[in-house]
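J.: I'd like to ask some things about the structure below.
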Amino acid sequence: MKQSRTHLKSTTSAIIERLEREYPDAHCALLHENPFQLLIATILSAQCTDERVNIVTRTLFVKYPSPHEFASIPIEELEKDIYSTGFYKAKAKNIQSCCRQLIDRFQGEIPQTMDELHSLPGVGRKTANVVLGNAFGIAVGVTVDTHVTRICSLLGLTTGKNPEAIEQELMEIVPQEKWTNFTHLIISHGRKVCIARRPKCGECILADMCPSSLVK
934 MKQSRTHLKS
944 TTSAIIERLE
954 REYPDAHCAL
964 LHENPFQLLI
974 ATILSAQCTD
984 ERVNIVTRTL
994 FVKYPSPHEF
1004 ASIPIEELEK
1014 DIYSTGFYKA
1024 KAKNIQSCCR
1034 QLIDRFQGEI
1044 PQTMDELHSL
1054 PGVGRKTANV
1064 VLGNAFGIAV
1074 GVTVDTHVTR
1084 ICSLLGLTTG
1094 KNPEAIEQEL
1104 MEIVPQEKWT
1114 NFTHLIISHG
1124 RKVCIARRPK
1134 CGECILADMC
1144 PSSLVK
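The C-terminal residue of the sequence shown carries number 1149 in our numbering, and the numbering is unbroken.
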């Protein structure tokens, strides 16, 4: 039975409250020192673990500290530097094109609107949400990754079949001031307890609220 929006909002608030108590230090796992680094790290994170991206960017950002270095390096060298993140040819092409547009259109600065960020090569809505929310504190949407897609479905919060539909559903039931951290909370829970192939329902603080819980 489909739940009313009022009930979903109440349920979501209770879920967030529990997760905030359980994961008080939930935060963006991609290591970065500025918005530009976060943008590049997020592009690299597609189909790759945050841990692997952090290993790569540890040296990458020393070698390429700004868009200018990324834009001028031979693409074959950049491909070699990011090879272990997977899909390295497409990522290198997007990163280099993105950096050139940052220089040409935005004087090397990271734009702070969804439309402008989304217009950059390799930057989808998910990446733009990550950058806006975590680098600038601007909440214009909810970042939907595989953890959010899976866990919000298990919890009965969403029924959407694609990230865009899921995001719209979540934006209706998650308070806007929680949009950015909501993703970090869900990811933290997905990594520690609600693991895709071996969920620890017996240890889950949301088990009594989860229609998919194995604990009855």
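Glycine residues also receive a C-beta, built at the ideal position from the N, C-alpha and C atoms.
Since the model is a prediction, treat every value here as computed from it, not as a measurement.
Should Leu-993 and Asp-1014 be called a contact, given that it needs their Cβ atoms to be closer than 7 Å?
T.: yes
J.: What span of residues does the alpha helix (DSSP H) with Arg-951 cover, start to end?
T.: 938–955
J.: Return the CA-CA distance between Ala-1068 and Gly-1019, expressed in angstroms with no decimal places.
T.: 25 Å
J.: Excluding the five sequence neighbours on either side, which residues of its own chain have a C-beta within less than 6 Å of the C-beta of Asn-987, listed in chain order?
T.: Leu-964
J.: According to DSSP, is Val-1064 helix, strand or coil?
T.: helix
J.: Let me know the secondary structure DSSP gives Phe-1069 once reduced to three states.
T.: coil
J.: Between which two residues does the alpha helix (DSSP H) containing Gln-1040 stretch?
T.: Neither: Gln-1040 is in no alpha helix (DSSP H) and is coded neither H nor E.
J.: Which two residues bound the contiguous alpha helix (DSSP H) that contains Phe-1020?
T.: Where Phe-1020 is concerned, there is no enclosing alpha helix (DSSP H), given that its DSSP letter is neither H nor E.
J.: If distances are taken between C-alpha atoms only, which option among Glu-1009, Ser-1017 and His-960 comes closest to Arg-985?
T.: Nearest option by C-alpha distance: Ser-1017.
J.: Note down, in chain order, each residue of its chain lying with its Cβ closer than 8 Å to the Cβ of Ile-948, except the 5 sequence neighbours on either side.
T.: Leu-1088, Leu-1090, Leu-1139 and Met-1142
J.: By DSSP, does Arg-1083 sit in helix, in strand, or in coil?
T.: helix
J.: In three-state terms, what does DSSP make of Ala-962?
T.: Correct three-state label for Ala-962: coil.
J.: Quick one, which of Val-1148, Leu-1147, Ser-1145 and Leu-1103 has its alpha-carbon nearest Thr-939's?
T.: Leu-1103
J.: Helix, strand or coil for Ser-999? Go by DSSP, reduced to three states.
T.: The answer is coil: DSSP assigns Ser-999 none of H, G, I, E or B.
J.: So, helix, strand or coil for Gly-1123, using DSSP?
T.: helix
J.: Suppose you measure from the CA of Lys-942 to the CA of Ser-1086; what does that come to, to the nearest Å?
T.: 15 Å
J.: Quick check: the region 1005–1013 against the region 1040–1049, are there 3 or more CB pairs under 8 Å?
T.: The region 1005–1013 is not in contact with the region 1040–1049.
J.: Suppose you measure from the CA of His-1122 to the CA of Gly-1135; what does that come to, to the nearest Å?
T.: Looking at the two C-alpha atoms, the distance is approximately 14 Å.
J.: Just the C-alpha distance for Glu-1097 and His-1080, rounded to the nearest angstrom, thanks.
T.: 15 Å
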